[in-house]
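Visitor: Could you have a look at this structure, given as structure tokens, before my questions?
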Amino acid sequence: MAVLTLNRSIRWRGLDLETIEHCHIIANGRDTRIRGTIIGPDFGLFYRLKLDENGHTRTVKIERTDGKTLELFADGAGAWSDDRAEPIPALRGCVDVDIWPTPFTNALPIWRSDWADDQPVSFAMAWIDATDFSFKRSEQIYTRLDATHFRYQSADFAAVLEIDADGIVTEYPGLFTQI
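By the working numbering, the letter at position 2 of the sequence shown is numbered -18, and the numbering carries on one by one without gaps.
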């Protein structure tokens, strides 16, 4: 994995849920910090992620505008705990997080891996629905098709994602578009 250095803002429009998102990423080689805000038709939320120097998720905090908060911690090696330091066995082995409804978290496994075209790579993701705070383990497969396209597959879903030079989704067919 190359050292990631970024200081950039991105915006997406959600096509399915009619959301708008603003996200800011600061990556300096020591860690990566991501802050995002998503406004939906009947919800609003703020999320924060911190990744370690290896691109592994270490903290996830999601706060909804109704005041409810979800905070999870990871050790970078696949063990997760909640804000009371209670282990979460269901997420054991997950290094990355995938938050719905944002296309941003698709960048995490893309950033963390060395890619060859048409070589699928499997990931165990901590999948979080930020609208209701449910979470589960999700097995996902990413396949780099070329420098700007990845096939994403999960249990019952597949899509070809278009990414920019920073590995960030620009088009997620039917779900999100960068604006």
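Note that beta-carbon positions come from the ideal geometry of N, C-alpha and C, so glycine has one too.
Taking DSSP as the reference, what is the three-state secondary structure of Thr236?
Guide: As displayed, the chain neither begins before -19 nor continues past 159, which places residue 236 out of reach and without an answer.
Visitor: Out of Tyr132, Ile90 and Val149, state which residue places its alpha-carbon closest to the alpha-carbon of His36.
Guide: Ranking Tyr132, Ile90 and Val149 by Cα distance to His36 puts Ile90 first.
Visitor: Alpha carbon to alpha carbon, how far is Ala135 from Phe156?
Guide: About 20 Å.
Visitor: Please report the residue range of the beta strand (DSSP E) in which Ser118 lies.
Guide: Segment Ser114 to Asp126, the beta strand (DSSP E) holding Ser118.
Visitor: Comparing C-alpha positions only, which one of Glu142, Asp146 and Glu151 sits nearest to Leu(-14)?
Guide: Cα-wise, what sits closest to Leu(-14) is Asp146.
Visitor: Once DSSP output is grouped into helix, strand and coil, what is the label at Pro69?
Guide: Pro69: helix per DSSP, three-state reduction.
Visitor: Tell whether a beta-carbon distance below 9 Å holds between Ala110 and Ile0.
Guide: No, these two residues do not count as a Cβ contact at 9 Å.
Visitor: Under 8 Å by Cβ, that's how I've got Ile108 and Val149 pegged, so tell me the actual separation to the nearest angstrom.
Guide: Between Val149 and Ile108 the Cβ distance is about 17 Å, and since that is not below 8 Å, they are no contact.
Visitor: Measure the C-alpha to C-alpha separation of Phe23 and Arg117 and round it to an integer number of angstroms.
Guide: About 24 Å.
Visitor: What do you get for Thr85, buried or exposed, if any count of 16 or more other CB atoms within 10 angstroms of its CB means buried?
Guide: Classification of Thr85: buried, given that the 10 Å Cβ count is 16 or more.
Visitor: Please determine, among Ala59, Arg15, Asp55 and Trp95, the residue with the shortest C-alpha to C-alpha distance to Thr123.
Guide: Measuring from the Cα of Thr123, the nearest candidate turns out to be Trp95.
Visitor: Go ahead and pull the three-state DSSP assignment for Trp95.
Guide: Trp95 falls in the coil class under three-state DSSP.
Visitor: Return the bridge partner residues of Cys3 from the DSSP annotation.
Guide: Cys3 is bridged to Ile(-10) and Gly16.
Visitor: From this set, Ser114, Pro83, Glu119 and Gly16, which residue's C-alpha is nearest Pro100's C-alpha?
Guide: Considering only alpha carbons, the answer is Glu119.
Visitor: Let's test the definition: count the other Cβ atoms within 10 Å of the Cβ of Glu151 and tell me whether it reaches 16, buried, or not, exposed.
Guide: Buried is the call here.
Visitor: Taking all protein chains shown into account, decide if Ile143 is buried (16 or more other Cβ within 10 angstroms of its Cβ) or exposed.
Guide: Ile143 is buried by the Cβ-count criterion.
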